[in-house]
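Asks: Using the UniProt record's numbering, the letters of the sequence shown correspond one by one to residues 1 to 79.
Glycine included, each C-beta is placed from N, C-alpha and C at the ideal position.
In this text, all values refer to a predicted model and were calculated from it rather than measured experimentally.
Could you have a look at this structure, given as structure tokens, before my questions?
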Amino acid sequence: MVLQSELCDWRNVVSGFDEVSSGCCGSGLIEASFMCNKISNVCSDPSKYVFWDSIHPTGKAYHHIFMASLPIIDSIISS
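Here it is, written out as structure tokens:
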């Protein structure tokens with residue numbers, strides 16, 4: 001199944017990142033929503049991180065997820 005082989009294989013998503021286990025904002029461990037705010041410490045290059053905070057992917061990670069999803073979306077639309 002395409003979903004298993006493409007989306008569920010996180011190696012496809014995390015390749016090209018330096019940090020895959022913590023977020024860019026704050027300590028990167030438990031911050032989300034209001035815990036990651038304008039006074040929080042932020043990494044210098046979010047594109048090196050999979051996660052912005054402890055929950056939300058960075059723009060680069062979202063792009064990788066979208067590109068991995070595109071063949072599935074195309075097959076659904078063309079069916």
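For the beta strand (DSSP E) containing Gly16, list its first residue and its last residue.
Replies: Where Gly16 is concerned, there is no enclosing beta strand (DSSP E), given that its DSSP letter is neither H nor E.
Asks: Once DSSP output is grouped into helix, strand and coil, what is the label at Gly59?
Replies: Helix, per DSSP.
Asks: Under the assumption that Gly26 contacts Asp45 (Cβ atoms under 8 Å), give the Cβ distance between them as a whole number of angstroms.
Replies: Between Asp45 and Gly26 the Cβ distance is about 16 Å, and since that is not below 8 Å, they are no contact.
Asks: Using a threshold of 8 Å, state whether the C-beta atoms of residue 81 and Leu29 are closer than that.
Replies: The structure shown does not extend to residue 81, since the chain is modelled only from 1 through 79, so no value can be given for it.
Asks: For Val50, report the span of its beta strand (DSSP E) as first-last.
Replies: Here the beta strand (DSSP E) through Val50 covers 49-51.
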